[in-house]
Amino acid sequence: MGELLEHAARPLYSFEFFPPRTAEEEPVLLRAVEALAPLNPDFVSVTYGATGSRRDRTIHATRRIAEIGNPMTVGHLTCVAQSKADIAAALHEYAEAGVRNILAVRGDMPGGGPWEPHRDGLRNATELVEFVKGEGDFCVGVAAFVQPHPDSNDLDLDARILLEKVEAGAEFAITQLFFETRDYFDLVERVRGLGCDVPIIAGLMPLTVITQIERFQALSGQPLPQSFVDRLRAAPPEEVRAVGLQHTVDMCNELIDGGAAGLQFFTQNRSKATREVLAQVRAQRDALISPA
């Protein structure tokens, strides 16, 4: 993954999925992966469950995707409710499945409570990066925050923490969901100002129905841009989807023009909106979809 980013002649793009909550939901995930596979993403990933059963399903789903052999698979890993032995065991399972790229994030407590490290675990993402690097030949990515992390409420501090994670061994970063490209470019400027040149991949998700406004605000941690919300609310119901998709297409073009290292689409295990956005971007920029 690190070499791919270092030598890429274009922005990378990728898809994030979440683990099935039950065995019956696994076919939904695999259908979404199969539907998006013809777009030849550079990598895909599966988020990490905070409970034991969800963690097992994450690793199982990641293994199933990795067995397909294409695209590259990135395994998520968190510190939540896990001892160092648990984390080492998860890394061993990833390695057995051929997964050598890890997205290491601290994670949030189940139920949204205050952060509490496991008594035999790790305190933060920086320690997790160090631990993963010490457990084998893994390429490690981390989270980057375009809006203040709830525990810091300080963008400059968040940038310094990202630098610490890079100094611990991280080779790339992926942002949380955002809806204004200026936020991404401001993050890049803060990080570059610290002398850190880590590639930062932008996290995107098309908004397609009006009821997603509040939910997406919770996911991104900030209110959506008022001008965007106004356009959504002013649109006839049958046009809301088109307005949301066009906003994401415009963001993709602005990010590519501004030199973003990559675009990550949070799919929610659905493929249609992502395919529509990339179809529009592809019509304007064939290089985004063509192999590097």
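With the numbering used here, the residue at position 287 of the sequence shown is 337, and numbering never jumps.
We treat Cβ as the ideally placed atom computed from N, Cα and C, and that holds for glycine.
Computed from a predicted model, the values in this text were never measured in an experiment.
For Pro287, which residues in the same chain have their Cβ closer than 8 Å to its Cβ, ignoring the five residues on either side in sequence?
On the sequence shown, residue 287 is found 237 positions in, with the first residue counted as 1. Counting only Cβ-Cβ distances below 8 Å, and skipping sequence neighbours, we find Ile260.
C-alpha gap between Ser340 and Leu295, whole angstroms
The residue labelled residue 340 in the question sits at position 290 within the sequence shown. The residue labelled residue 295 in the question sits at position 245 within the sequence shown. Low confidence applies here, because Ser340 scores a pLDDT of 48, under 50, leaving its location unreliable and the question unanswered by this model.
Bounding residues of the beta strand (DSSP E) (the contiguous stretch that carries Ser95)
For the purposes of this step, residue 95 is taken as residue 45 along the sequence shown, with counting starting at 1. The continuous beta strand (DSSP E) containing Ser95 extends over residues 93-96.
Using DSSP's beta-bridge definition, name the partner residues of Gln314.
As a first step, residue 314 is located in the sequence shown; it is residue number 264 there, counting from the start. Residue pairing from DSSP places Gln314 in a beta bridge opposite Ser64, Gly253.
Alpha-carbon to alpha-carbon, Gly184 and Arg60
For the purposes of this step, residue 60 is identified with residue 10 of the sequence shown, where counting begins at 1. For the purposes of this step, residue 184 is identified with residue 134 of the sequence shown, where counting begins at 1. If I take the Cα positions, the gap works out to 31 Å.
With DSSP as the reference, label Ala342 as helix, strand or coil.
Walking along the sequence shown from the start, residue 342 turns up at place 292. Low confidence applies here, because Ala342 scores a pLDDT of 45, under 50, leaving its location unreliable; read the following figure in that light. It is coil, neither helix nor strand.
Buried versus exposed call for Gln276 [16 or more other C-beta atoms within 10 Å across all chains shown]:
In the sequence shown, the residue the question calls residue 276 occupies position 226. Under this definition Gln276 is an exposed residue.
Assuming Gln314 and Ala218 are in contact, meaning their beta carbons sit under 8 Å apart, how far apart are those beta carbons, in whole angstroms?
As a working mapping, residue 314 is identified with position 264 in the sequence shown. As a working mapping, residue 218 is identified with position 168 in the sequence shown. About 22 Å separates the Cβ atoms of Gln314 and Ala218, ruling out a contact at the 8 Å cut-off.
Using a 10 Å radius around the Cβ and a threshold of 16 neighbouring Cβ atoms, would you call Ile109 buried or exposed?
On the sequence shown, position 59 is the one that residue 109 refers to. Within 10 angstroms of the beta-carbon of Ile109 lie 16 or more other beta-carbons, which makes it buried.
Assigned secondary structure, His168 (DSSP; H/G/I helix, E/B strand, else coil):
Here residue 168 refers to the residue found at position 118 of the sequence shown. Under the three-state reduction of DSSP output, His168 falls in the coil class, being neither helix nor strand.
Taking all protein chains shown into account, decide if Phe65 is buried (16 or more other Cβ within 10 angstroms of its Cβ) or exposed.
By 1-based counting over the sequence shown, the position of residue 65 is 15. Answer is buried; the Cβ neighbour count reaches 16.
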